[in-house]
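Using my numbering, the first residue of the sequence shown is number 23, and each one after it goes up by one. Idealized CB from N, CA, C, for every residue including glycine. Structure first, commentary second.
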Amino acid sequence: MAFQLPSLPYDFSALEPVIDTQTMQIHHGKHHGGYVTNLNNAIAGKPALETKSVEALIGDLASVPEDVRTAVRNNGGGHANHSMFWQIMAPKGKGGGGEPTGDLAAAINSTFGSFADFKTRFGEAATKRFGSGWSWLVLKNGKLAIGSTANQDNPLMGEAICGLSGKPIMGLDVWEHAYYLKYQNRRPEYITNWWEVVNWTKVAEIYQAAK
């Protein structure tokens, strides 16, 4: 199989109480696992697609045959998005929470005014995303920017496809399956609490690589 479901870098219960154990089990095993299975099925028997990374696939959807393009967009996006999502979280107080430091902190402060202002703007993008989707911090033309995408779209797909472009630095899943068991319809509460498990060390690594 071209793609595999990555293991979590922590236990299913590690993000309690911010994200509950059952949500993590279902979200990782069923939802992300389903995207991987469906993506593999879509590209099966197409060597030109099977040898690409998921980022290369979703970053050049025009090269994907039309009969499987939507499946690759939805499921490739879901695989890429969740693979990042798991990595940029860590248990509260054990790598999760706090504030960024170094170059990332400087870039956030210079772009958005302060870390607090950045959190507000990022949270607004997540809160105001209608229906299912993601809130993103991206690096575009050497500068940080905030935006959101619908469904499992990823900024690598470009503005013409998903309304946002740039290299993803961090993303927040605001599909209901990411929070509904614990928070029901209280998406803003989920977003507020999520900052307590953000792994800023990993986000900074992604930022440096993107630069």
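- Measuring C-alpha to C-alpha distances from Thr123 to each of Thr142, Phe25, Pro28, Thr223 identifies Thr223 as the nearest.
- In the displayed model, Ala84 falls within a helix according to three-state DSSP.
- DSSP places Pro190 outside any alpha helix (DSSP H); the residue lies instead in the beta strand (DSSP E), whose first and last residues are 189-195.
- Spatial neighbours of Glu77 in its own chain (CB-CB distance under 7 angstroms, excluding positions within 5 residues in sequence) are listed in chain order as Ala102, Leu178.
- In this structure, Ser157 lies near Ala148, with their beta-carbon atoms less than 8 angstroms apart.
- For Thr142, no pairing in a beta bridge is given by DSSP.
- Secondary structure at Ser132: helix, using DSSP grouped into helix, strand and coil.
- For Ala200, there is no enclosing alpha helix (DSSP H), as DSSP marks it with neither H nor E.
- Contact annotation, Val90 with Leu79: C-beta distance approximately 10 angstroms; criterion of less than 8 angstroms not satisfied.
- Just so you know, the alpha carbons of Asp33 and Ala112 end up roughly 10 angstroms apart.
- As computed with DSSP, Ala172 is found in a beta bridge with Gly155.
- Counting the other Cβ atoms within 10 Å of the Cβ of Thr45 gives 16 or more, which makes it buried.
- Pairing Asp42 with Leu186 gives a Cβ-Cβ distance that is not under 8 angstroms.
- In the three-state scheme derived from DSSP, where H, G and I count as helix and E and B as strand, Lys233 is classed as coil.
- The distance from the Cβ of Val219 to that of Gly119 is about 7 angstroms, consistent with a contact at the 8 angstroms cut-off.
- With 16 or more other CB atoms across the displayed protein chains lying within 10 angstroms of its CB, Pro190 is buried.
- Across the set Trp108, Asn221, Lys233, Tyr201, the C-alpha of Tyr201 shows the shortest separation from the C-alpha of Val40.
- Considering only Met106, Asp195, Ala93, Arg209, the residue with the shortest C-alpha distance to Leu27 is Met106.
- In summary, His199 is exposed, with fewer than 16 beta-carbon neighbours lying within 10 Å of its beta-carbon over all protein chains present.
- Contact annotation: Arg143 and Phe152 have beta-carbon atoms that are not nearer than 8 angstroms.
- Just so you know, the alpha carbons of Val160 and Asn207 end up roughly 27 angstroms apart.
- A Cβ-Cβ separation of about 20 angstroms leaves Gly55 out of contact with Asp175 under the 8 angstroms criterion.
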